[in-house]
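Chemist:
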Amino acid sequence: RSQAEHEVHAAGPKCSRNGEAPGAVVATAASMVSADNGDTWMYILSGPCNAQMDLNGMPFVKQGKTLSGAPYYKALSAEKYLYYDPDCGEDGEARWVIDVNRPSVNKISDLDGDGLCNDIGLITSQYTFHPPTAGEWNLLCDGEYEKRFLLLDEGTTTMTVTTTGSTSTTSTWNGTKSMTTTKSTSLMLSGTCAYKKALNGLIFDVVGKAADGSPIYKARGVDEYIYHDPDCDGAGNVSAARWVLDDSKPNSTATKDLDGDGKCTYHARLDSAPVGIVRPPASAEWGMYCGEASGWMSVGLTLQLVSSGDAKGAYDLVINSAARNGI
């Protein structure tokens, strides 16, 4: 077994469904490179808490640069901004910020002018060229800050802008915008219980189809799988077909008990009747085995679409390394 595999299994073994209970983060970001200077032109954020779920999938488009030389971004459909602030006003610490206030392009620090660091999200950083594509943010959730692992992935997105007039100094376009995104089938997992935290950040690629036509996913670099099983123990008396998160490779020709163990033994499961078998849902409450102390728990798992190419190998390494270290 590879070191990566050992790390995953160290988070806890899969478990039988006997006694199981019936049954959030990541930013995927699409991006575009500005034709004039090579800066990333757009990010799409994901991974927030439920209280900030409007941020999930929200595109942030580059507006210009602040006095520090860092780019700043505005949400396409809301008055929310992503920018770098050398000192938001309280402690002299530099941060990337998600805020409802437009940053000043003429100020050195405290760019929103409120003298406070009470923004929607903050992450400490000395890097001004672009926001972190993956990192642990302090995110305002129901009145209190929580640690949330947000992603701002640079995906394979192209955008064509046709202008009908001139642009303002803040790069607000007067014209039409059209966006075409390369179809993606790969999924990034997040939201597990602490006992299974090593699974967070794994990226699952489609590697085949099961006998019922549903896709089979395998994690990059480790033997972890997501697949649909009509009858997980093959006994014919199972109450529901289910999506399964498992460390056993499924048999693509089997019509039931795809891992061939005669048991319903796995990391997690989700009844498929409400969600179908085309693909597992982007977000749902799964039953997950969370160790002897907690047993089976209902856990909100997110399976975020990400680029299916391998060009982001270094990015994947950052995600997986951070996830396996409990971020």
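Residues 116 to 442 in our numbering are what the sequence shown lists, from first letter to last.
Built from N, CA and C at the ideal position, the CB exists for glycine as well.
Everything numeric in this text was worked out from a predicted model, so none of it was measured.
By DSSP, does residue 320 sit in helix, in strand, or in coil?
Modeler: Of the three classes helix, strand and coil, the one that applies to residue 320 here is strand, per DSSP.
Chemist: Taking its Cβ as the centre, do 16 or more other Cβ atoms sit within 10 Å of residue 168, making it buried, or is it exposed?
Modeler: So residue 168 counts as exposed.
Chemist: Kindly give me the distance between the Cβ atoms of residue 414 and residue 306, rounded to whole angstroms, as I take these residues to be in contact under 8 Å.
Modeler: Going by Cβ atoms, the distance from residue 414 to residue 306 rounds to 6 Å, so yes, they are a contact pair.
Chemist: Report the rounded CA-to-CA distance for residue 164 versus residue 266, giving the unit in angstroms.
Modeler: Roughly 13 Å between the two C-alpha positions.
Chemist: Would you report the Cα separation of residue 417 and residue 219, rounded to the nearest angstrom?
Modeler: Approximately 35 Å, taken between the alpha carbons.
Chemist: Taking all protein chains shown into account, do 16 or more other C-beta atoms lie within 10 angstroms of the C-beta of residue 358, making it buried, or fewer, making it exposed?
Modeler: Buried, since its Cβ has 16 or more Cβ neighbours within 10 Å.
Chemist: I'd like to confirm the pairing. Which residues does DSSP put opposite residue 94 in its beta bridges?
Modeler: Here the chain has residues from 116 to 442 only, and residue 94 is not among them.
Chemist: Count the other CB atoms within 10 Å of the CB of residue 443; is the residue buried (16 or more) or exposed (fewer)?
Modeler: In the structure as shown, the chain begins at 116 and stops at 442. Residue 443 is therefore absent and cannot be evaluated.
Chemist: Taking the alpha-carbon positions, what's the residue 330 to residue 225 distance?
Modeler: Approximately 49 Å between the Cα atoms of the pair.
Chemist: So, residue 171 versus residue 183, is the Cβ gap smaller than 8 Å?
Modeler: Result no, Cβ atoms of residue 171 and residue 183 do not sit closer than 8 Å.
Chemist: Rounded to whole angstroms, what's the CA-CA distance from residue 197 to residue 303? Just pull it up for me.
Modeler: If I take the Cα positions, the gap works out to 23 Å.
Chemist: Tell me where the beta strand (DSSP E) around residue 179 begins and ends.
Modeler: That run of the beta strand (DSSP E) goes 174-180.
Chemist: Under the assumption that residue 383 contacts residue 390 (Cβ atoms under 8 Å), give the Cβ distance between them as a whole number of angstroms.
Modeler: That pair is no contact at about 14 Å.
Chemist: Quickly, what does DSSP pair residue 358 with across the bridge? List them, please.
Modeler: Answer is 343, 385.
Chemist: From what residue to what residue does the beta strand (DSSP E) around residue 190 run?
Modeler: Segment 186-190, the beta strand (DSSP E) holding residue 190.
Chemist: Spatial neighbours of residue 239 within its chain, please: C-beta separation below 8 Å, excluding the five flanking residues on both sides.
Modeler: So the list reads 208, 209, 210, once near-sequence residues are dropped.
Chemist: Compute every distance between the C-beta of residue 180 and the non-hydrogen atoms of the ligand GDP, then say whether any falls below 7 Å.
Modeler: You won't find the ligand GDP in this model; it holds no ligand whatsoever.
Chemist: Can you tell me whether residue 409 is helix, strand or coil according to DSSP?
Modeler: Three-state DSSP puts residue 409 in a helix.
Chemist: Going by DSSP, which residues form a beta bridge with residue 161?
Modeler: DSSP output for residue 161 lists 266 as bridge partner(s).
Chemist: Counting C-beta neighbours from all protein chains within 10 Å, is the total for residue 229 16 or more, i.e. buried, or is it exposed?
Modeler: Per the 10 Å Cβ criterion, exposed.
Chemist: Between the alpha carbons of residue 340 and residue 227, how many angstroms are there, rounded?
Modeler: Whole-angstrom Cα-Cα distance: 46 Å.
Chemist: Got a sec, what are the start and stop residues for the beta strand (DSSP E) residue 243 sits in?
Modeler: Here residue 243 belongs to no beta strand (DSSP E), and DSSP marks it neither H nor E.
Chemist: Is the distance from the Cβ of residue 387 to the Cβ of residue 343 below 8 Å?
Modeler: Cβ distance < 8 Å, so residue 387 and residue 343 count as in contact.
Chemist: Can the beta-carbon of residue 348 be found less than 8 Å from the beta-carbon of residue 392?
Modeler: Not a contact, by the Cβ cut-off of 8 Å.
Chemist: Among the candidates 203, 245, 253, whose CA atom is the shortest distance from the CA of residue 187?
Modeler: Among 203, 245, 253, the Cα nearest to that of residue 187 is on 245.
Chemist: If you run the structure through DSSP and keep just helix, strand and coil, what is residue 218?
Modeler: Here residue 218 sits in coil by DSSP.
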